[in-house]
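Going by this note's numbering, the letters in the sequence shown line up with residues 3 to 266, in that order. Single-structure report; data block below.
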Amino acid sequence: MDGWKLGLAVAAAIFVSGLVGLVLQRVLPERLTTGPAADMIGAVAGLLSLLSALVLGLLVWTAYGVYSGQNVAIETLAAKVLQLDLALIDYGRGADAGRALLRQDLARTIDEIWGAGLSDRQFAANSFSAALANLKRRQAYLDSLTPATDGERAALAAAQQTVESIAQARLSMAFALSNPVPYPLVFAVMAWAATLFLGFGLKSRLAGSSLVALGVGAFAVGSVAALIVDLSAPYSGAFRVSPVPLQQVLGYVGQGQGAVGVSR
């Protein structure tokens, strides 16, 4: 979902709703917009203001949690990959092919996440299948090793444990994006906001300053809607997680691998 398109649609809907309220205030009999009727309109508007503020704040916090969670997941994944590389280094020269395989997998992962231009839903699906494929490939390689010393056996055990941790981290990234934000709730809050601005229009009068204030308010709510969508889409939205942690690890893993990197 395009955050800014949704934001513009929400802003337009709220502006139109407020404009309808201003027009109704002008054409309806005065007894329907003043006195006890005005008190009721104000009370309902106050209730909707409170509900909208609370739920919008919760939705922004939830969306930011998705964004920050993916940042943490990328850093965790980078740390686990580095840990696996160190375990293969500890194993010795017999695991150089594993380091080359790890570098190739990491470079492919970076390209799949940031270079493919996929939506977050597509990323989640691809990440799930890629995590399983990488896990099977790495486990098959580790199973092919024949450690001869206690040090090699300890390094191999550490590598096997880390391979599982890497797969878990990648799968967690995919699962977190399967349903990042409850969009029915987002649409419900936008409907509350439109109703709220209708009430504001009924309590105001059609004038230039009213239209300016209405436009500012509609833009504010629309920008919040866009913010929620973009924060919950950390690989395709306006706010994207950084590949720097994985790129730094890729540079390190590329060392000491002959044709794959430079010698240590």
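Virtual Cβ for every residue (Gly too), placed ideally from N, Cα, C. A quick note: this is a predicted structure, and the numbers were derived from the prediction, not measured.
Quick check: residue i and residue j, are their CB atoms within less than 8 Å of each other?
| i | j | result |
| --- | --- | --- |
| I16 | A195 | yes |
| G203 | G23 | yes |
| L79 | A222 | no |
| Y93 | A161 | yes |
| Q249 | I115 | no |
| S244 | D122 | no |
| L229 | V68 | no |
| A169 | A133 | yes |
| A13 | A176 | no |
| Q72 | A240 | no |
| G201 | V83 | no |
| L252 | A109 | yes |
| S180 | A126 | yes |
| L21 | L198 | no |
| P247 | I76 | yes |
| V191 | L58 | yes |
| Y143 | L173 | no |
| T36 | V183 | no |
Specify the secondary structure class of residue i as computed by DSSP and reduced to three states.
| i | result |
| --- | --- |
| V243 | coil |
| P182 | coil |
| S2 | Outside the modelled stretch of the chain, which goes from 3 to 266, sits residue 2, for which no answer is possible. |
| G37 | coil |
| G71 | helix |
| L204 | helix |
| A209 | coil |
| S121 | coil |
| D87 | helix |
| G94 | coil |
| L26 | helix |
| D113 | helix |
| D107 | helix |
| D232 | helix |
How would you label residue i, buried or exposed, when you count the other beta carbons within 10 angstroms and need 16 or more for buried?
| i | result |
| --- | --- |
| A159 | exposed |
| L30 | exposed |
| G210 | exposed |
| V74 | exposed |
| D145 | exposed |
| F189 | exposed |
| T164 | buried |
| P186 | exposed |
| R207 | exposed |
| G9 | buried |
| G5 | buried |
| Q27 | buried |
| S70 | exposed |
| V231 | buried |
Beta carbon of residue i: closer than 7 Å to some heavy atom of the ligand ADP?
| i | result |
| --- | --- |
| A171 | As for the ligand ADP, it is missing from this structure, which has no ligand bound. |
Legend entry - Contained alpha helix (DSSP H) runs [length at least 4] in the region 131-182, N- to C-terminal order: 152-178
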